[in-house]
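Worksheet for the structure shown next.
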Amino acid sequence: MSDFKLNIEDSNLENDNNDSTEKREFLADLDIQSIARVFTNFKKENRILIIPIGFPQAGKSLLLSSLMYYSRKGEDTLFKTNLEDNFPFDKGRIAVDEMIKYFNEGKLYEATAKNTLDLIGINLEPSKNNIPNLNLAFLDLAGEDIKKIKLSEGLNFTEKISAVFNGLKIDNSPVIFTLITPYRPALLDNETLQSAHDREDTLHYDFLNYIEMNQPHLLKSSKFFVIVSQWDNNPNENEKVEDYIAEKRPSIYNYVKNKNVVWGEYSIGKLLESEINGLKIQEIVRINRDYPARYWKKLYQICTGKELDKKTWLQKLFG
Amino acid sequence: MKNYLVFFGKSQDFTIEVFDVNGIVTESNPIFNSLHLLESGVFTIDDPSNKEILAKYNFADDKQKYSLLKLYSLAQAVDGTRISGSIYGVAFLSTSNLKISETNNKLLKSLKEEFSKLSLNKRKFNKSNFREDVFKIWKAFVTQNYFDKIKTTQRINIAKNQVNLKAFLVDNIILSSVKFDNEIKNTSRLYFSNDKEHLIRTHKKWGDKFTFFENTDDKLIKYESVKIEAKPEVKSESGSDSIINAYEVKIFNLKYKKQKISKKYKRAKKRFNKKIKLLSIICLLPLLSLGIFFFNDNLIFDKENPENSTNTITKAKEGEIILEEKMVQNSLSNFNILNNDDIIILSNLSTNLKKFNSTKDSNKSLKIFDAIRRDSDYLHIDLSYFDKRYNALKLKSEQISKLLNSKKLDSINTKDQLKSYLEDLGKANKEKLSDNQNDILRELQKKTRKKIKDAN
Numbered sequence: 002m003s004d005f006k007l008n009i010e011d012s013n014l015e016n017d018n019n020d021s022t023e024k025r026e027f028l029a030d031l032d033i034q035s036i037a038r039v040f041t042n043f044k045k046e047n048r049i050l051i052i053p054i055g056f057p058q059a060g061k062s063l064l065l066s067s068l069m070y071y072s073r074k075g076e077d078t079l080f081k082t083n084l085e086d087n088f089p090f091d092k093g094r095i096a097v098d099e100m101i102k103y104f105n106e107g108k109l110y111e112a113t114a115k116n117t118l119d120l121i122g123i124n125l126e127p128s129k130n131n132i133p134n135l136n137l138a139f140l141d142l143a144g145e146d147i148k149k150i151k152l153s154e155g156l157n158f159t160e161k162i163s164a165v166f167n168g169l170k171i172d173n174s175p176v177i178f179t180l181i182t183p184y185r186p187a188l189l190d191n192e193t194l195q196s197a198h199d200r201e202d203t204l205h206y207d208f209l210n211y212i213e214m215n216q217p218h219l220l221k222s223s224k225f226f227v228i229v230s231q232w233d234n235n236p237n238e239n240e241k242v243e244d245y246i247a248e249k250r251p252s253i254y255n256y257v258k259n260k261n262v263v264w265g266e267y268s269i270g271k272l273l274e275s276e277i278n279g280l281k282i283q284e285i286v287r288i289n290r291d292y293p294a295r296y297w298k299k300l301y302q303i304c305t306g307k308e309l310d311k312k313t314w315l316q317k318l319f320g
Numbered sequence: 008m009k010n011y012l013v014f015f016g017k018s019q020d021f022t023i024e025v026f027d028v029n030g031i032v033t034e035s036n037p038i039f040n041s042l043h044l045l046e047s048g049v050f051t052i053d054d055p056s057n058k059e060i061l062a063k064y065n066f067a068d069d070k071q072k073y074s075l076l077k078l079y080s081l082a083q084a085v086d087g088t089r090i091s092g093s094i095y096g097v098a099f100l101s102t103s104n105l106k107i108s109e110t111n112n113k114l115l116k117s118l119k120e121e122f123s124k125l126s127l128n129k130r131k132f133n134k135s136n137f138r139e140d141v142f143k144i145w146k147a148f149v150t151q152n153y154f155d156k157i158k159t160t161q162r163i164n165i166a167k168n169q170v171n172l173k174a175f176l177v178d179n180i181i182l183s184s185v186k187f188d189n190e191i192k193n194t195s196r197l198y199f200s201n202d203k204e205h206l207i208r209t210h211k212k213w214g215d216k217f218t219f220f221e222n223t224d225d226k227l228i229k230y231e232s233v234k235i236e237a238k239p240e241v242k243s244e245s246g247s248d249s250i251i252n253a254y255e256v257k258i259f260n261l262k263y264k265k266q267k268i269s270k271k272y273k274r275a276k277k278r279f280n281k282k283i284k285l286l287s288i289i290c291l292l293p294l295l296s297l298g299i300f301f302f303n304d305n306l307i308f309d310k311e312n313p314e315n316s317t318n319t320i321t322k323a324k325e326g327e328i329i330l331e332e333k334m335v336q337n338s339l340s341n342f343n344i345l346n347n348d349d350i351i352i353l354s355n356l357s358t359n360l361k362k363f364n365s366t367k368d369s370n371k372s373l374k375i376f377d378a379i380r381r382d383s384d385y386l387h388i389d390l391s392y393f394d395k396r397y398n399a400l401k402l403k404s405e406q407i408s409k410l411l412n413s414k415k416l417d418s419i420n421t422k423d424q425l426k427s428y429l430e431d432l433g434k435a436n437k438e439k440l441s442d443n444q445n446d447i448l449r450e451l452q453k454k455t456r457k458k459i460k461d462a463n
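As given, the protein sequences belong to chains D and X, one line each in that order.
With the numbering used here, the residue at position 225 of the first sequence is 226, and numbering never jumps.
With the numbering used here, the residue at position 45 of the second sequence is 52, and numbering never jumps.
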């Protein structure tokens, strides 16, 4: 080992150092002011931001994976999508490629690390000529950062998330908050299932309350989707999602029941679970295409007021 | 200079426990603002086969420069099934430059092993809150004065571009990484691993943003992605488990395909049936229109010629009356609008119609017809068809009554009139009469014959 000679001067290492000075930072690496500035451009670009909100392991990234997979590989002919490659969407673009790769392999996409701001820029182009294109951006955040909004965690978002909101409210840029809550929340130590449900309920209540009390400008241009993820865990086929939310997430239900909110359940597909060497491993063996199809259609309708799959009377007649 | 000992892991949510030589450090301490770096966003866990990773970061926040040395690997959340991004590890954080030294690395290795013993069951967390466990480890660490053994140098070098990073493929991350400590002068983050497949996958994901170097012929060679395209294999220690798992997946996939095909078939069949129905309706439409057109014409025609409309039956002969009864019955039974009383009355009506048809006794027939008329009035059934027969029967009955009146014989005196009267009685005798009428008839015949005899 002592005879090992490092020839750093002649190696590619040096060249790499020179190249590295040109490397650009991702959105999350910027300072707070620069992050906020990025989001002031959304209104000008006619772009709507969608932010999944949920605890760690609620299924935020998996929902995005499912949507991205469907938008690229779904059998839908109603629309096609183009992904933005350039800053501030560059890291999001890498994330989307990974999400689709993971989905292809039947793996669950990786947990989102703290302080992540993966911004996915995606432009939707309907197949019909007479309805408009839709520019969207999905912001993937870590559940650990989102849960800071809970009263018990300090009732405030991280500086970076706050910067996003500050940027958006300059022009009252439209935002869709997708509140994601799992059908069966993960249990902490000595926690009952009911306590876990209550914990979920509290998080979303605190979030809604925060938006209303601290971001009233943002609220004006916001819409809400409430999605119960992991619906494949539900053994009762007759159970309706609204009933589930009313029973298991009463605070959310009471807060938004009279508001313009979209309810829905979601499942990325059927998962095969095995235990190998002390690890529980889940594999997606049946990818669900109905839920992402419905989500895209609803999203388009909410954003544009038009329907992706509106049929003429003749089309309706002939199915 | 201040040194911290940090335990971190995604036991459920990503959790960090920080200690200094005096005890636990609370989240209000500004060092927490930088601790998100413990959860690696770049060279992270992506597969159960991943090996341990050693990393060194030098960085700064608004006020302070920091050095971080961390050792981490896979550990799954206590109530989770995810692999990617599931990590646990131990780190030193310092306001001085932490050296990648054998001592520091071995200290981290020992701490991580103890952490694993207390908080993990194999490679899965056995609890979501590991504070009590790591407190015990910290206590032992302090008692044995290991804080003093952490190797640091005074100055923290921070590269201009803080997002620049480098990884090294080394034989042994604890021992072989030591000689690359100075590399931190050129870059902000260093990673060490002996898992080449993991490094390749990470490079493929990040491209030039994640470069790694390997020792070849005593030189450090930058890995070029074009060289390797090998698909990483998931290596399982338990071969049979993975084989069974693979077969289970195959079975699931085949079942899924089967289900998908049958679903498609059902959908296609449904669509086909729908189209056939539609086609039939479209074909029937012109025919129906024509039918309606002619039907309407008939209605108009019938209104203009009431005699030809509903009463085609009036043209029927008396002998066809049973058919007409059936028609009445059928037309009514087609409409399920009758109540029980109606049905009983209708049944009586039907019986009486049969009796009316079979009875030759005109008086009896007339009585039956009275009952028929009452029932048909109740049911609003038109009886005009029977008028002719009823009138004939009534006339006949009246004629017979007149004929059998005893006063009539008294008023006849001439022989010819008596003979004519006797002939009429003979004709009446051929008719079906009541017993009483028969008796009167026979008596009148006797009296008429006697009167003719007397007249002779």
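By construction, the Cβ of each residue, glycine as well, lies at the ideal position given by its N, Cα and C atoms.
Contact check, residue 78/X vs residue 92/X, beta carbons under 8 angstroms
Counted from its first residue, the second sequence places residue 78/X at position 71. Counted from its first residue, the second sequence places residue 92/X at position 85. No, Cβ-Cβ distance for residue 78/X and residue 92/X is not below 8 angstroms.
Which word fits residue 1/D, buried or exposed, when buried means at least 16 other C-beta atoms lie within 10 angstroms of its C-beta?
Residue 1/D falls outside the range modelled here, since chain D spans only 2 to 320, and no answer is possible.
Exposure of residue 112/X, with buried meaning 16 or more beta-carbon neighbours within 10 Å:
Within the second sequence, residue 112/X is the residue found at index 105, counting from 1. By the neighbour-count rule (16 or more Cβ atoms within 10 Å), residue 112/X is buried.
6 angstroms Cβ shell around residue 107/X - same chain, five flanking residues per side excluded
Looking up residue 107/X in the second sequence gives position 100. Cβ within range, chain order: 63, 184, 185 and 188.
Rank 262/D, 178/D and 131/D by C-alpha distance to the C-alpha of residue 311/D and give the top, closest one.
One-based indexing of the first sequence puts residue 311/D at position 310. Checked all of 262/D, 178/D and 131/D; the closest Cα to residue 311/D is 131/D.
Enumerate, from N- to C-terminal direction, the unbroken beta strand (DSSP E) stretches of 3 or more residues contained entirely within the region 80 to 165 of chain D.
80 to 84, 119 to 127 and 135 to 141
Residues of chain D with a CB under 7 angstroms from the CB of residue 93/X: which are they?
Translated into the one-based positions of the second sequence, residue 93/X becomes position 86. In chain order: 112.
Any chain X beta carbon closer than 8 angstroms to residue 281/D
Looking up residue 281/D in the first sequence gives position 280. True, the Cβ-Cβ gap to chain X drops below 8 angstroms.
Using CA coordinates, which residue listed in 118/D, 123/D, 58/D and 285/D is at the minimum distance from residue 49/D?
Within the first sequence, the letter at position 48 stands for residue 49/D. For the residues 118/D, 123/D, 58/D and 285/D, the minimum Cα distance to residue 49/D belongs to 123/D.
Output yes if chain D places a C-beta closer than 8 angstroms to the C-beta of residue 77/X; else output no.
The residue you call residue 77/X lines up with position 70 of the second sequence. Not closer than 8 angstroms to any Cβ of chain D, the Cβ of residue 77/X fails to qualify, so no.
Are the CB atoms of residue 93/D and residue 181/D within a distance shorter than 8 angstroms?
Position 180 of the first sequence holds residue 181/D. Position 92 of the first sequence holds residue 93/D. Not in contact: residue 181/D and residue 93/D (Cβ atoms no closer than 8 angstroms).
Of the residues 282/X, 451/X, 81/X and 225/X, which one's Cα is nearest the Cα of residue 131/X?
The residue labelled residue 131/X in the question sits at position 124 within the second sequence. Per the Cα distances, 81/X.
Taking only three categories from DSSP, how would you classify residue 73/D?
Taking the first residue of the first sequence as position 1, residue 73/D is located at position 72. Here residue 73/D sits in helix by DSSP.
Compute the Euclidean distance between the alpha carbons of residue 160/D and residue 160/X, then round it to the nearest angstrom.
For the purposes of this step, residue 160/D is taken as the residue at position 159 of the first sequence. For the purposes of this step, residue 160/X is taken as the residue at position 153 of the second sequence. Looking at the two C-alpha atoms, the distance is approximately 32 angstroms.
Starting from the beta carbon of residue 125/D, find every residue of chain X whose beta carbon is closer than 7 angstroms, and list them in chain order.
Within the first sequence, residue 125/D is the residue found at index 124, counting from 1. Going along chain X, no residue has its Cβ under 7 angstroms from residue 125/D, so there is no contact; the nearest lies around 26 angstroms.
Where the alpha helix (DSSP H) containing residue 409/X begins and where it ends:
The count along the second sequence starts at 1 and reaches residue 409/X at position 402. Looking at the DSSP string, the run of the alpha helix (DSSP H) that includes residue 409/X is 394 to 410.
Simplified DSSP state of residue 207/D, which is helix, strand or coil
Position 206 of the first sequence, counted from the start, is the residue given in the question as residue 207/D. Helix.
State buried or exposed for residue 370/X, treating a residue as buried only when at least 16 other CB atoms are found within 10 Å of its CB.
Your numbering for residue 370/X matches position 363 in the second sequence. Buried, since its Cβ has 16 or more Cβ neighbours within 10 Å.
Within 8 angstroms, strictly: CB atoms of residue 199/X and residue 23/X:
Taking the second sequence and counting its residues from 1, one reaches residue 199/X at position 192. Taking the second sequence and counting its residues from 1, one reaches residue 23/X at position 16. No, they are not a contact pair.
State the start and end residues of the unbroken alpha helix (DSSP H) segment that holds residue 301/D.
Counting from 1 along the first sequence, the entry for residue 301/D is found at position 300. Taken as a continuous stretch (DSSP letters only), the alpha helix (DSSP H) holding residue 301/D covers 291 to 305.
At which residues does the beta strand (DSSP E) containing residue 283/D begin and terminate?
The residue labelled residue 283/D in the question sits at position 282 within the first sequence. First-last of the beta strand (DSSP E) with residue 283/D: 280 to 288.
Could you give the DSSP three-state label for residue 151/X: helix, strand or coil?
Locating residue 151/X in the second sequence gives position 144, where the first residue counts as 1. Note: residue 151/X maps to coil in three-state DSSP.
What residues of chain D sit near residue 3/X, judged by a beta carbon separation below 8 angstroms?
Outside the displayed range of chain X (8 to 463) lies residue 3/X, so it cannot be described from this structure.
For residue 118/D, go through chain X and note every residue whose CB falls closer than 9 angstroms to its CB, in chain order.
Translated into positions along the first sequence, residue 118/D becomes position 117. By Cβ distance, chain X contributes nothing, its closest Cβ being about 11 angstroms from residue 118/D, past 9 angstroms.
Alpha-carbon to alpha-carbon, residue 167/D and residue 150/D
Within the first sequence, numbered from 1, the residue matching residue 150/D stands at position 149. Within the first sequence, numbered from 1, the residue matching residue 167/D stands at position 166. Looking at the two C-alpha atoms, the distance is approximately 16 angstroms.
Could you check whether the Cβ of residue 212/X sits closer than 8 angstroms to any Cβ belonging to chain D?
In the second sequence, the residue the question calls residue 212/X occupies position 205. True, the Cβ-Cβ gap to chain D drops below 8 angstroms.
Out of 127/D, 258/D, 284/D and 279/D, which one is the CA nearest neighbour of residue 269/D?
Taking the first sequence and counting its residues from 1, one reaches residue 269/D at position 268. Looking at the Cα atoms, 284/D is the closest of the given residues.
Quick one: is residue 335/X buried, meaning 16 or more other Cβ sit within 10 Å of its Cβ, or exposed?
Looking up residue 335/X in the second sequence gives position 328. At residue 335/X, the pLDDT of 40 sits below 50, so the modelled position is not reliable; the number obtained from the coordinates is stated separately. Under this definition residue 335/X is a buried residue.
Taking 8 angstroms as the threshold (beta carbon to beta carbon), is residue 258/D in contact with chain X?
Stepping through the first sequence from its first residue, residue 258/D is reached at position 257. It does not: the Cβ of residue 258/D has no partner Cβ on chain X nearer than 8 angstroms.
Supposed close pair residue 144/X, residue 118/X - CB separation, criterion 8 angstroms:
Walking along the second sequence from the start, residue 144/X turns up at place 137. Walking along the second sequence from the start, residue 118/X turns up at place 111. Indeed they touch by this definition, with Cβ atoms about 6 angstroms apart.
Near residue 1/D, which residues of its chain fall below 6 angstroms by C-beta distance, leaving aside the five closest residues on each side in sequence?
The requested residue 1/D does not occur in the structure, where chain D is confined to residues 2 to 320.
I need the straight-line Cα distance from residue 383/X to residue 389/X, nearest angstrom please.
Taking the second sequence and counting its residues from 1, the one referred to as residue 383/X is at position 376. Taking the second sequence and counting its residues from 1, the one referred to as residue 389/X is at position 382. Rounded to whole angstroms, residue 383/X to residue 389/X spans 7 angstroms at the Cα level.
Interface residues of chain D facing residue 140/X [CB-CB closer than 7 angstroms]
Locating residue 140/X in the second sequence gives position 133, counting from the first residue. Neighbours of residue 140/X on chain D: none; closest Cβ ~12 angstroms, over 7 angstroms.
Please go through the same chain and pick out, in chain order, the residues whose beta-carbon is closer than 6 angstroms to the beta-carbon of residue 308/D, but skip the five residues on each side of it.
For this step, residue 308/D is matched to residue 307 along the first sequence. Same-chain partners within the cutoff: 302.
Starting from residue 53/D, trace the beta strand (DSSP E) both ways and give me its first and last residue.
The residue given as residue 53/D occupies position 52 in the first sequence. Run containing residue 53/D: 48 to 54, per the beta strand (DSSP E) assignment.
What are the complete beta strand (DSSP E) segments, minimum 3 residues, inside the region 190 to 233 of chain X?
196 to 200, 218 to 223 and 226 to 229
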